[in-house]
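J.:
Number of protein chains: 2
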Amino acid sequence: MAVYTDVSFEDLEGFLSGYDIGAPLSFKGIAEGVENSNFTLQTDRGAFILTLYEKRMKAEDLPFFLGLMEHLQAHGIACPQPVRDKSGAQWSMFKGRAAAILTFLNGISLRRPGAAHCLAAGAALSGLHEAGQSFALARPNALSLDGWRELAKATAARADKVQDGLGALIGDSLAELEAKWPSGLPTGVIHADLFPDNVLFMGDRLSGLIDFYFACNDMLAYDLAVLLNSWCFESDGAYNITKAKAMIAGYRGGRALGDAEIAAMPLLMRGAALRFLLTRLYDWLNPDPGALVRAKDPREYSRKLRFHQQVKHAGEYGF
Amino acid sequence: MAVYTDVSFEDLEGFLSGYDIGAPLSFKGIAEGVENSNFTLQTDRGAFILTLYEKRMKAEDLPFFLGLMEHLQAHGIACPQPVRDKSGAQWSMFKGRAAAILTFLNGISLRRPGAAHCLAAGAALSGLHEAGQSFALARPNALSLDGWRELAKATAARADKVQDGLGALIGDSLAELEAKWPSGLPTGVIHADLFPDNVLFMGDRLSGLIDFYFACNDMLAYDLAVLLNSWCFESDGAYNITKAKAMIAGYRGGRALGDAEIAAMPLLMRGAALRFLLTRLYDWLNPDPGALVRAKDPREYSRKLRFHQQVKHAGEYGF
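Dropping the structure here:
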């Protein structure tokens, strides 16, 4: 969660004068989003989210993120829509930060999704992948092999303080992935962070996808690996193959998986687990005193990574 | 802000089954309230706030706070209303904490209120004082002389580390107030924390009062002193007598001030400033590592207290 930048109503009024979205009825900082400051804004014309992009977010990436949301919605994927200001811009500067107003999407994220929700999430992901094929912009994945190498270096000295053997786990895993990371698989726009937090449901119906701020171009099957990693493990560490099969079936309903993609899944699952292990470990070791969220426990992902190291072929994941 | 207790949608669903308020459409932790965990909840029947009472809040005080909000609304003071559950209860236990659902009040708090807003806030305060006269429950003010003495003791050793001379300022001020604190002035239910944060406006119209969790019984004129302290100083430390006169006129429109109350204002203003100086100083010196809000700067109130020490009579405040 977070409100890193304080925005008074008087500040807001000035900013809203550039928009044509009605008079404000309520305005509250919300406890969501690790990276940015987020506020809910209700006006007499509807509900919106105001986001001030902080820290790691680069303004030059905003046309990709905001353009992608417009593109996806135009292709039938429900997601927040940037509201253009009176000049037609998707974002502008506000309190020294890039800022945008997005439409508010109704729906609630689930903490314990069931198999039916996993099927819906898998279907939404392949829908996103298909719709993304016609998106004109591209953005490299900063959190793939090169990024992992940097994070591994930055955390190596203190990894074992978090968990015995963690440094070796990371080093060995990174060495294996450097040697064997797949190439030649189908690529396109991926969400790259489609955790249950970022999928909204109303009742059992998926109502939309949110938080596109890690979206980039990479292997599509890697995005499915991120999804399986974040939805299909139980809190006791067990991989729930019933949920996974539903998720894979949901995905395949929208996009066929090639043999090479399936064969690569054990590696892609390890890569996806290593990616979240490394970013969580880095944030755990380098807590931001100004952060208003508790860092997430990296050990959830070291356990998943160890699980994946035992997996010999994709069938064990439910393919 | 704060979300100290994590509430999943699945937790929420269980809790909502005890209420008759419709199906949830959205649910978000909000960045408000230093003491409690707050969530906005939108259902197909309306907007609500779910509050989990944490830490310092005692469950035995809830009938006073929640009953007061019902009583005030019934007497024409707009404020959040506790939604009774199917058994008729105003609150119940949820995740090990006392929890209540309140109606959501539209409106926005101002950071830089003008004289017209001050007049409206003054009028709302005397309306509250009048309406409170018929409220059956009572609660002592834990943050009056006895509480100040404890806080002064707990902060004395380190006060000067925050600001040179702060320990002496507090000690001298407390000694004066212990000797001269008024008695015999009209008492009743006071809000005790009616900062601009806790008054909502829609445009220039006051739409309601919120956050009654410091409400208690004490001298009514002390509540006006809290209001003047928190609304009528500019950020450069100047006391804005135009705003103060508007606020006092607004108050007097709803309730007459007696001569003894006016004569006591210099002391009441010092007491109100000392109260917020001490709680802020305590929180500044004892940061809660789990707190998700930044502590407020106590020096804002040491400056106000020093200002009040130069004031000889109530006329200087605009009376």
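Going down the list, the protein sequences come from chains H and Z. Under the working numbering, think of the first position of the first sequence as 5, with each following residue one higher. Under the working numbering, think of the first position of the second sequence as 5, with each following residue one higher. Where is the CB? At the ideal position from N, CA and C, for every residue including glycine.
1) I'd like to know if P28 of chain Z contacts chain H, where contact means its C-beta is closer than 8 Å to some C-beta of that chain.
2) Check whether the stretch 188-198 of chain Z touches the stretch 47-58 of chain Z, taking contact to mean three or more Cβ pairs, one atom from each stretch, closer than 8 Å.
3) Inspect the CB distances between the stretch 233-245 of chain H and the stretch 204-214 of chain H and report whether three or more fall short of 8 Å.
4) Could you tell me whether the Cβ of L278 of chain H comes closer than 8 Å to any Cβ of chain Z?
5) With distance defined between alpha-carbon atoms, name the residue in H:A142, H:R279, H:S239 nearest to F68 of chain H.
6) Rounded to the nearest angstrom, what separates M5 of chain Z and I252 of chain H at their Cα positions?
7) Indicate whether A229 of chain H and M269 of chain H have their beta-carbon atoms separated by less than 8 Å.
8) Helix, strand or coil, according to DSSP, for A120 of chain H in the structure here?
9) Let's test the definition: count the other Cβ atoms within 10 Å of the Cβ of V11 of chain Z and tell me whether it reaches 16, buried, or not, exposed.
10) Would you tell me roughly how many angstroms separate the C-alpha atoms of A158 of chain Z and Y286 of chain Z, rounded to the nearest one?
11) Does any C-beta atom of chain Z lie closer than 8 Å to the C-beta of M5 of chain H?
12) Can you tell me whether K59 of chain Z is buried or exposed? The criterion is at least 16 other CB atoms within 10 Å of its CB, across all chains shown.
13) Entirely within the stretch 75-140 of chain H and at least 3 residues each: give me those beta strand (DSSP E) ranges in chain order.
14) Label A248 of chain Z either buried or exposed according to how many other C-beta atoms from any shown protein chain fall within 10 Å of its C-beta, with 16 as the threshold for buried.
15) For the stretch 9-23 of chain Z, enumerate the residues whose C-beta is nearer than 7 Å to any C-beta of chain H, in chain order.
16) What does the alpha-carbon distance come out to for the pair G319 of chain H and I266 of chain H?
17) For the beta strand (DSSP E) that Q46 of chain Z lies in, which residues bound it at each end?
18) Under 8 Å: do the stretch 78-91 of chain Z and the stretch 20-39 of chain Z share three or more Cβ pairs, one atom per stretch?
19) Tell me which residue opens and which closes the alpha helix (DSSP H) that R256 of chain H is part of.
20) Using a C-beta cutoff of 8 Å, does N244 of chain Z count as contacting chain H?
21) With a threshold of 8 Å between beta carbons, is R209 of chain H in contact with chain Z?
22) Use the C-beta contact count for M97 of chain H: other C-beta atoms within 10 angstroms, 16 or more gives buried, fewer gives exposed.
23) Should N233 of chain Z and A276 of chain Z be called a contact, given that it needs their Cβ atoms to be closer than 8 Å?
24) In whole angstroms, what separates the C-alpha of G151 of chain Z from that of A125 of chain H?
25) Who are the neighbours of A104 of chain Z on chain H, taking C-beta pairs under 9 Å?
26) With H, G and I counted as helix, E and B as strand and the rest as coil, what does DSSP make of A179 of chain Z?
27) Buried or exposed: which applies to E182 of chain Z, given that a residue is buried once 16 or more other Cβ atoms fall within 10 Å of its Cβ?
28) Closest Cβ-Cβ distance between K300 of chain Z and chain H: below 8 Å?
29) In the structure shown, what three-state DSSP assignment does S239 of chain Z receive?
30) Taking C-alpha atoms, which residue in H:E64, H:G118, H:A82, H:F52 lies nearest to I214 of chain H?
31) Could you pull the start and end residues of the beta strand (DSSP E) that L204 of chain H belongs to?
32) Please decide whether I112 of chain Z counts as near chain H, where near means a Cβ-Cβ distance under 8 Å.
33) Anyone know if the C-beta pair for R303 of chain Z and Q167 of chain Z falls short of 8 Å?
34) Let me check understanding here. Comparing Cα to Cα, which of H:A163, H:A225, H:G169 lies closest to W185 of chain H?
35) Residues of chain H with CB under 7 Å from M206 of chain Z, in chain order?
36) My assumption, with CB atoms under 8 Å, is that L309 of chain H sits in contact with L173 of chain H. Please give the rounded CB distance.
T.: Looking at the coordinates:
1) Chain H, which has a Cβ nearer than 8 Å to the Cβ of P28 of chain Z, makes this yes.
2) No, because fewer than three Cβ pairs between the stretch 188-198 of chain Z and the stretch 47-58 of chain Z fall closer than 8 Å, the two stretches do not touch.
3) no
4) no
5) The shortest Cα separation from F68 of chain H among H:A142, H:R279, H:S239 belongs to H:A142.
6) Confidence at M5 of chain Z is low in this model, with a pLDDT of 35, below 50, so its placement is unreliable and the value that follows should be read with caution. Between M5 of chain Z and I252 of chain H, the C-alpha separation is close to 39 Å.
7) yes
8) helix
9) With a threshold of 16 other beta carbon atoms within 10 Å, V11 of chain Z meets it and is buried.
10) 7 Å
11) Caution applies to M5 of chain H, whose pLDDT of 36 falls short of 50 and renders its modelled position unreliable; the model cannot decide the point.
12) So K59 of chain Z ends up on the exposed side.
13) Qualifying beta strand (DSSP E) stretches, in chain order: 96-98, 101-107.
14) With a threshold of 16 other beta carbon atoms within 10 Å, A248 of chain Z meets it and is buried.
15) Answer set for the stretch 9-23 of chain Z: S12, F13, E14.
16) 9 Å
17) 41-47
18) yes
19) It spans 245-256 - the alpha helix (DSSP H) in which R256 of chain H sits, taken as one unbroken run.
20) no
21) no
22) exposed
23) Yes; because the gap between Cβ atoms is below 8 Å, this pair is in contact.
24) 54 Å
25) Simply none; closest approach about 18 Å.
26) Helix at A179 of chain Z.
27) exposed
28) Residue contact check for K300 of chain Z against chain H: no CB pair falls below 8 Å.
29) coil
30) H:A82
31) 203-206 is the span of the beta strand (DSSP E), which, as asked, contains L204 of chain H.
32) Interface flag for I112 of chain Z against chain H is set, since a Cβ pair is found closer than 8 Å.
33) In this structure, R303 of chain Z lies near Q167 of chain Z, with their beta-carbon atoms less than 8 Å apart.
34) H:A225
35) L29
36) 6 Å
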